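**Q** Protein chains in written order, with the numbering used here: chain D, 1044 to 1804; chain P, 900 to 1414.
Questions regarding the structure given below will be posed in turn.
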């Protein structure tokens, strides 16, 4: 418990501040909070300004203004080393990227409004990197990070779905109305193409540009070292990007007439934005991340920013504030635009929580692998392996490899082709259903998709079967097939059960069925499934022939339908013989069979309903089908159960018994004990046996003979333990303790020798 | 009407197929299966303890029926998902019955390992079934969203009835298999998150640590979490009439069910797949390393270790030994090492080229070396001159410890009587000869032996049969004095060492012998 506590202090998000006393950092925290509030103000202000100023001009002014100030402070040209030509080129690229990102960000601002932009776009890099780490790597850093990521995603979804921000007025006004430039026009059409409302498009845009921003920051780290410090880079970057934007701005101002009445009234707000958004935030961030650790900085910053954004959003459009900011013209429709809604508040709360969770420091390297135990008995872990294991494979190569593996063998190839066929049919159905807006088709498509999961399971099992044996799976993966067959059997049982329940409820209350679309769909499904049946039944008999002839024989009986009564007797041997063959394929086959039955049932009931108007035909049909599925699954389940329970394989039982008799007759063998024989997988029967032999017989010869005999009986993975009298004496000498020895000697003294020998045996 | 013909033919075809394939055998075995079931059921119900399980099972059926009715009346998907947990309780009760049946059953000839695995299979099947149920719920949510008109009155009642019932069942029926699996399986994501949350909560309120820090029972956890989400659903529906919450909470409950059951089905599935349990591997490796350092052992291969039921390990291994090593001795040592961990063990000893006569230290000219307990020892010291003894003094060194080639030869020199005066050269007289090594065991003490010594040294152990001759003879060999064996083991390891060059390791091997 102590241990847990100490680790808790280190890892728990709430207790992170234990490391450095807060009092020493209060100044910086206050500074950070004030800066963030100012930044929120600046963003709100710039949203208002963006209504009148074109976005490119706006960004140009921002960049230029900050460049002037930064040039004054940083003096990038007079201090530091000389920048080479190559670095200038890199700087140019960097500037272009930063322009693109700020364009996207501010465009998102115009779409979503300041509050949502702040919530989405202003996450620190730490948070986003932690989020991406959780989403895309296996070792995300414990459950708390997972929770944080889930909260983040829920918050974004909240903004997307539950935020009733869509302004009908704006939506109506929007189409191709006020697009000032090609750029905004392009973005608008892109968003309109996605088919979402403006602000939702803005949310998507902002999330994308957030990721871009983080990637950009990470990528620019190297450049900043090359240039000589982040501040110098920032100053130069602002300068160069304003240069980059200059021609565009000139063209813009030449071609379009400005909506701005007087630039002079905008000087003050611009100055404020430049100061708060571009300059102050940059410096304070730099200071704070130098003084405090970055995660903490991010946490406080995010909380301050989001809270102030919420407050500002509440009061910005308030009449009181309107009076306060006399310099900006109060737009008329502002009061109805991007208001606070429940969804936004919920998502803001979630964002705050998630950013505080995600930015809390995580214990690195939690997933050590157990190496062994120290002499004192404490476990030893290896933390290095994690880094080495992550040799990522490129996706196309992975797909190519697995495809090659799939196509290598008959079973998996069959399943794969059929899966493709099935999926194609499903997607055609789904697509057509969406096209014609038919709910029945869509739901049937989903059903098919659901059924495909069994196929996928079978395919995966067929692939896994061929994996090499490992430490854990010491016999190899052959048994996976049987387990997958068992799971598929259970799956079918569940399906049968649900169909049964459904049909019983429908029997009591037959609903009206719209039979228009049913027939073509079910005929299509039937055709697809018939192909499957042909393919798999071929595999079925194929596997059977290679395994046991009795199976192939009885299957031939199936094909001809009326194989005579003699096959009734074969039924049982068929079932158990099938256990020897691929249970996985049987499961898949039964699945396809069940689907076929379903389509047939639908066709019959459709005909009956159309012809005679028997509504009750449908539930009766499905009742019948459920029973059939149920009955057909039972043999599969029984066989799989027997194999899983390590039963002596029934088809080899006779051979094994005679083999055991033969073994007893081998010269020198006294007796045998613990004969275990079981089927491990389709082509492996394992066995262990203990033999007692006379002391003057060579063990190895006996082992050879026994192995040969049992191999004839079908056991191909055998361990024989050959014991002589000496073994028992060694054993009792080795293993017993004092008390047991006393007891044993007392016991033995009362016994005759021979009796004792048999007793031990 | 185009298709009417072909489908009918098809139907007939398929029906024939199915009738042929499945119904016949089923009908044939039907009665006997039923009768057998009834018989086994009587067997189980003869036990008093299973009455309680049966009682709870009946209650569970009643409760599930009620809940299903309420589900259809409220039309709430979330409650249906929660009801599946009750059905899972039913499964777990059945598992419980099965486990009590298993405990009564002895291994039969066909089920040679006993029926322990049936427990595992039952656990696996019930967890998989419940996951499939959850999958169905998810699918139904995806496929068809019926307009939910919730008359949510029954929702809360149903929740609490189900919660109460589940908890009572969990508390009052001791469910051995599920308790084992839930402890042995890795924790589900639900458990992990709760543990993480409660850990940080304990950082604030340390007093809660005894309640929150131990690992939560996953079943209690999922029941609680499901009830909580249902209550939230109820509240939101009552207050806001926000019916979409029902779907969300159904999905959440289904996901939680999935998360809770998945580790358990993985664990039991791994048992069914005959895999080596990963928590054993470290221990097993240590033992196998020890085994491979035994004298005469060249390598251990084809080692298969797996669990039969929950807990009991079975395994087999092939041990390749030197051509001149004593098979029975090595077998005994290997078995002795592994037996504490692996209860059902089969060790196959094999030698390469065993048909070829040994080149060194040949005992007899025949291609097959005579197999007696003494052979191994004499053969193993290949550097020594053949130590074939006169039949009376046929030697067997100290308890089955193979001698090292490096060990000093004089200790094996039997015929030097001066050295053998003090050691107990046990004559193995008739009525004592049946004492196996154990009786001379470690802590056996000197007194019985001194008695034996007095009895008759020169008597050969001829008439013992089965190669016991002179077994006792060599007992005292390695021990220079007549002190007890215990001290001999601990104190004079040098002559007793196995083929290891590491004395520490060999000592640690002996450590376990000491009582």
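All C-beta atoms, glycine included, are put in the ideal place defined by N, C-alpha and C.
Quantities reported herein were computed from a predicted structural model and do not represent experimental measurements.
Using the Cα positions of residue 1140 (chain P) and residue 1132 (chain P), report the straight-line distance between them to the nearest angstrom.
**A** 10 angstroms
**Q** Please list, in chain order, the chain D residues whose beta carbon lies closer than 7 angstroms to that of residue 1157 (chain P).
**A** In chain order: nothing, as chain D lies at least about 13 angstroms away.
**Q** Assign residue 1126 (chain P) to buried or exposed, taking buried as 16 or more other Cβ atoms, counted over all protein chains shown, within 10 Å of its Cβ.
**A** buried
**Q** Closer than 6 angstroms by C-beta to residue 1320 (chain P): which residues in its own chain qualify, once you throw out the five before and the five after it? Chain order, please.
**A** Confidence is the limiting factor: at residue 1320 (chain P) the pLDDT is only 38, short of 50, which leaves the residue's position unreliable and the question unanswerable from this model.
**Q** For a quick check, are the C-beta atoms of residue 1719 (chain D) and residue 1731 (chain D) less than 7 angstroms apart?
**A** yes
**Q** So with CB distances below 9 angstroms, who are the chain D contacts of residue 1250 (chain P)?
**A** Chain D residues near residue 1250 (chain P): 1742 and 1743.
**Q** Just grab the DSSP bridge partners of residue 1720 (chain D) for me.
**A** D:1730
**Q** Are residue 1513 (chain D) and residue 1327 (chain D) closer than 7 angstroms when you measure CB to CB?
**A** no
**Q** Under the DSSP definition of a beta bridge, which residues are partnered with residue 1220 (chain P)?
**A** P:1196 and P:1250
**Q** How about residue 1030 (chain P): is its C-beta nearer than 7 angstroms to some C-beta of chain D?
**A** False, the Cβ-Cβ gap to chain D never drops below 7 angstroms.
**Q** According to the neighbour-count rule (16 or more other Cβ atoms, all chains shown, within 10 Å of its Cβ), is residue 1400 (chain D) buried or exposed?
**A** buried
**Q** Measuring CB to CB, does residue 1074 (chain P) end up less than 7 angstroms from residue 991 (chain P)?
**A** yes
**Q** Quick one, which of D:1284, D:1489, D:1084 and D:1454 has its alpha-carbon nearest residue 1349 (chain D)'s?
**A** D:1084
**Q** Short of 8 angstroms in beta carbon distance, which residues of its chain neighbour residue 1375 (chain D), apart from the five on each side in sequence? Order them along the chain.
**A** With a pLDDT of 43 at residue 1375 (chain D), under the threshold of 50, the modelled position of that residue is not reliable, and the figure given next carries that caveat. Same-chain partners within the cutoff: there are none.
**Q** Measuring CA to CA, which of D:1414, D:1475 and D:1134 is closest to residue 1273 (chain D)?
**A** Taking only the C-alpha atoms, the option nearest residue 1273 (chain D) is D:1134.
**Q** Under 7 angstroms, Cβ to Cβ, is there at least one residue of chain P near residue 1475 (chain D)?
**A** no
**Q** Excluding the 5 residues preceding and the 5 following residue 1152 (chain P) in the sequence, name in chain order all residues of the same chain whose CB lies nearer than 7 angstroms to its CB.
**A** Sequence-distant partners of residue 1152 (chain P) (beyond 5 residues in either direction) whose C-beta falls short of 7 angstroms from its own C-beta, in its chain, are 977, 980, 981, 1125 and 1128.
**Q** Taking only three categories from DSSP, how would you classify residue 1209 (chain P)?
**A** Residue 1209 (chain P) falls in the coil class under three-state DSSP.
**Q** When you compare the region 1025-1032 of chain P with the region 1154-1173 of chain P, are there three or more beta-carbon pairs, one atom per stretch, that lie closer than 8 angstroms?
**A** yes
**Q** Just the chain P side, please: which residues come within less than 9 angstroms of residue 1764 (chain D) by C-beta, in chain order?
**A** 1215, 1230, 1234, 1244, 1245, 1246, 1247 and 1248
**Q** Tell me whether the beta-carbon of residue 1194 (chain D) lies closer than 7 angstroms to the beta-carbon of residue 1397 (chain D).
**A** Taking the C-beta atoms as reference points, residue 1397 (chain D) is found nearer than 7 angstroms to residue 1194 (chain D).
**Q** Is DSSP giving residue 1762 (chain D) helix, strand or coil here?
**A** strand
**Q** Of the residues that make up the region 1514-1534 of chain D, which ones have a beta carbon closer than 7 angstroms to any beta carbon in chain P?
**A** 1514, 1515, 1516, 1517, 1518, 1522, 1523, 1526, 1530, 1533 and 1534
**Q** Relative to chain D, which residues along the region 1075-1092 of chain P have a C-beta separation below 8 angstroms, given in chain order?
**A** 1088, 1091 and 1092
**Q** Using the C-alpha atoms, what's the distance from residue 1197 (chain P) back to residue 1250 (chain P)?
**A** Straight-line Cα distance between these residues: approximately 9 angstroms.
**Q** Bridge partners for residue 1204 (chain P) per DSSP, in chain order?
**A** P:1214
**Q** So for residue 1072 (chain P), helix, strand or coil by DSSP?
**A** coil
**Q** Comparing the C-beta of residue 1106 (chain P) with each C-beta of chain D, is any distance below 7 angstroms?
**A** no
**Q** Are the CB atoms of residue 1565 (chain D) and residue 1642 (chain D) nearer to each other than 7 angstroms?
**A** yes
**Q** If you measure from the beta carbon of residue 1715 (chain D) to each beta carbon in chain P, is any gap under 7 angstroms?
**A** no
**Q** Quick check: the region 1698-1707 of chain D against the region 1676-1686 of chain D, are at least 3 beta-carbon pairs closer than 8 angstroms?
**A** no
**Q** Please classify residue 1178 (chain P) as buried or exposed, where buried requires at least 16 other C-beta atoms within 10 Å of its C-beta.
**A** exposed
**Q** Could you tell me whether the Cβ of residue 1195 (chain P) comes closer than 7 angstroms to any Cβ of chain D?
**A** no
**Q** Looking at the structure shown, is residue 1086 (chain P) part of a helix, part of a strand, or coil, going by DSSP?
**A** Here DSSP, grouped into helix, strand and coil, assigns residue 1086 (chain P) to coil.
**Q** Shorter than 7 angstroms from the beta carbon of residue 1719 (chain D) to some beta carbon of chain P?
**A** yes
**Q** Count the other CB atoms within 10 Å of the CB of residue 1163 (chain P); is the residue buried (16 or more) or exposed (fewer)?
**A** buried
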